[in-house]
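Numbering (our numbering), first residue to last: 3 to 449. Glycine residues also receive a C-beta, built at the ideal position from the N, C-alpha and C atoms. To start, the structure under review is shown below, and the notes come after it.
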Ligand SMILES: [Zn+2]
């Protein structure tokens with residue numbers, strides 16, 4: 003089955019003004035301006051009203067948090083206070099509520115042009131034991147690519163950590179589940195639809211032993227590693243008081259500075275630390291909205307990239323954003339870098355956030371088969387129309403996506419299959435989903 007996505011209004015593939023040909027699950031060829039595919043096609047999709055991007059890749063999220071958006075006791079709080087307000091609520095999560103939270107988050111992502119979603123799930127209270135399996139099932143049902151991070155916490159407030167004991171687990175339990183999940187869900191090689199990463203939560207929720215043993219397990223299983231790092235100044239203070247070290251130093255001696263790792267946030271690094279990360283081949287998931295909502299600081303994206311660190315984009319948990327919309331995050335990313343206020347517009351052109359959310363995010367996830375419209379890459383494509391008031395009068399269609407604030411895709415393809423058509427997910431009953439999600443959120447709030 004060969005499909006020609008023909009003559010786009012604009013796009014992000016050099017040499018493809020005439021569009022691109024999808025053959026099966028892959029991009030087969032790019033068509034130059036005024037040209038035709040080199041071999042016959044079975045179908046032609048007229049993209050003359052669409053801006054065509056590589057499918058956007060979300061590198062950091064917590065799906066379950068869609069149930070606690072704008073939670074009254076957590077509104078207007080900084081990270082540690084926000085977490086302490088929410089842990090007891092999250093400790094009540096059960097399979098049923100979690101499943102509907104995942105479905106909603108994944109649908110939001112897909113409708114905003116996301117084709118690969120990474121989620122970092124680190125909460126395993128008594129009522130929610132198979133969270134990663136549920137996420138994998140929900141992603142497969144929607145046809146979105148998933149890289150799911152088996153998170154973990156073993157340092158409760160009784161041991162000097164931040165979370166209550168009810169949401170922490172023992173190291174042996176965590177490692178055994180990682181082993182099981184990798185065997186069940188981790189596909190390898192180009193085109194993988196479901197992958198697993200290992201992901202202790204953060205320096206203030208895990209023990210040194212858990213970090214060390216997880217790094218060894220990831221090497222043995224050959225899977226990627228993810229954790230929150232350098233998100234706040236409070237984290238620096240916590241690490242100084244508890245370990246007598248800065249967060250990156252703490253992680254480095256535990257085997258967590260390597261090309262297998264991508265960190266969430268990565269805001270408070272020194273120049274020397276960025277150089278060490280770049281030499282090691284680390285990546286950072288930049289989460290601009292979350293950083294702004296929690297007042298965490300501004301990620302030094304330009305300096306990280308100059309040091310050789312790969313930078314991708316993430317919406318982060320939906321209780322610190324409070325949305326799961328990836329195309330909106332591109333605009334936030336550009337604005338936040340410019341808001342540094344040093345007059346240097348080149349800190350982020352309108353093309354930079356597109357690059358972060360595609361090539362950069364693909365590098366975070368170790369996926370050279372994703373993030374580009376290039377022959378041989380997976381046919382993951384996001385198409386946006388500019389037919390709303392917010393775009394009217396725009397001269398440069400590609401710039402308009404970012405500066406005018408696109409918020410939903412018209413068509414989204416994953417592995418050669420249309421998963422969004424005319425701005426909707428075929429077969430998804432949105433009204434029923436919203437009713438179920440609202441009921442689940444109310445139950446959770448009520449306790
Ligand atoms: Zn996070």
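Item, Value
"Can you tell me which residues form a DSSP beta bridge with residue 288?", "315"
"Alpha helix (DSSP H) containing residue 440: first to last residue?", "432-448"
"Between the Cα of residue 353 and the Cα atoms of 43, 42, 403, 252, which residue gives the shortest distance?", "403"
"Do you know offhand how far residue 7's Cα is from residue 30's?", "11 angstroms"
"For residue 63 and residue 120, which I take to be in contact (beta-carbon distance under 8 angstroms), what is that distance rounded to the nearest angstrom?", "7 angstroms"
"Which residues does DSSP list as the beta-bridge partners of residue 202?", "154"
"Whose C-beta lies closer than 8 angstroms to the C-beta of residue 132 among residues of the same chain, with five residues either side of it excluded?", "97"
"Taking the continuous alpha helix (DSSP H) assigned at residue 176, which residues delimit it?", "173-187"
"Are residue 110 and residue 327 close, meaning C-beta to C-beta below 8 angstroms?", "yes"
"Quick one: what's got a C-beta closer than 8 angstroms to residue 236's C-beta in the same chain, skipping five residues either side?", "80, 81, 82"
"What are the partner residues of residue 386, as DSSP defines its beta bridges?", "53"
"In chain order, what residues of the same chain have a beta carbon less than 6 angstroms from the beta carbon of residue 148, not counting five sequence neighbours either side?", "119, 141, 196"
"Going by the CB atoms, is the gap between residue 373 and residue 390 shorter than 8 angstroms?", "no"
"Would you check whether ligand 1 has a heavy atom nearer than 7 angstroms to the C-beta of residue 395?", "no"
"Could you tell me the distance, in whole angstroms, from the CA atom of residue 303 to the CA atom of residue 357?", "12 angstroms"
"Would you mind reading off the limits of the beta strand (DSSP E) that contains residue 118?", "116-123"
"Assuming residue 20 and residue 9 are in contact, meaning their beta carbons sit under 8 angstroms apart, how far apart are those beta carbons, in whole angstroms?", "6 angstroms"
"Could you spell out where the alpha helix (DSSP H) holding residue 216 opens and where it closes?", "210-223"
"Where does residue 25 sit, in a helix, a strand or coil, going by DSSP?", "strand"
"Taking the straight line between their C-alpha atoms, what separation do you get for residue 242 and residue 419?", "50 angstroms"
"For residue 238, which residues in the same chain have their Cβ closer than 7 angstroms to its Cβ, ignoring the five residues on either side in sequence?", "248, 249, 270"
"The beta strand (DSSP E) spanning residue 60 covers which residue range?", "58-60"
"Which residues are close to ligand 1, meaning CB closer than 6 angstroms to any heavy atom, in chain order?", "62, 64, 122, 230, 266, 318, 319"
"So residue 150 and residue 137 are in contact, right, with Cβ under 8 angstroms, and what is the actual spacing, rounded?", "5 angstroms"
"Rounding to the nearest angstrom, what Cα-Cα distance links residue 199 and residue 221 in this structure?", "11 angstroms"
"Taking its Cβ as the centre, do 16 or more other Cβ atoms sit within 10 Å of residue 413, making it buried, or is it exposed?", "buried"
"Are residue 306 and residue 335 touching if we call contact CB-CB under 8 angstroms?", "no"
"Less than 8 angstroms between the C-beta atoms of residue 408 and residue 381, yes or no?", "no"
"Do residue 208 and residue 155 have their C-beta atoms within less than 8 angstroms of each other?", "yes"
"Can you find the residues in the same chain that come closer than 6 angstroms, C-beta to C-beta, to residue 330, ignoring five residues on each side of it along the sequence?", "409"
"Kindly list the residues whose CB is nearer than 7 angstroms to the CB of residue 366, restricted to its own chain and excluding five residues on each side of it in sequence; keep chain order.", "61, 264, 285, 287, 312, 314"
"Helix, strand or coil, according to DSSP, for residue 142 in the structure here?", "helix"
"Within its chain, find whatever has a CB closer than 6 angstroms to the CB of residue 68; leave out the 5 residues flanking it on each side and keep chain order.", "103, 106, 107, 320"
"Residues in its own chain within less than 7 angstroms of residue 396 by CB, not counting five upstream and five downstream?", "388, 402, 406"
"Specify, as a first and last residue, the run of the beta strand (DSSP E) that residue 419 falls within.", "419-422"
"Among 441, 446, 394, 368, which one has its Cα closest to the Cα of residue 59?", "368"
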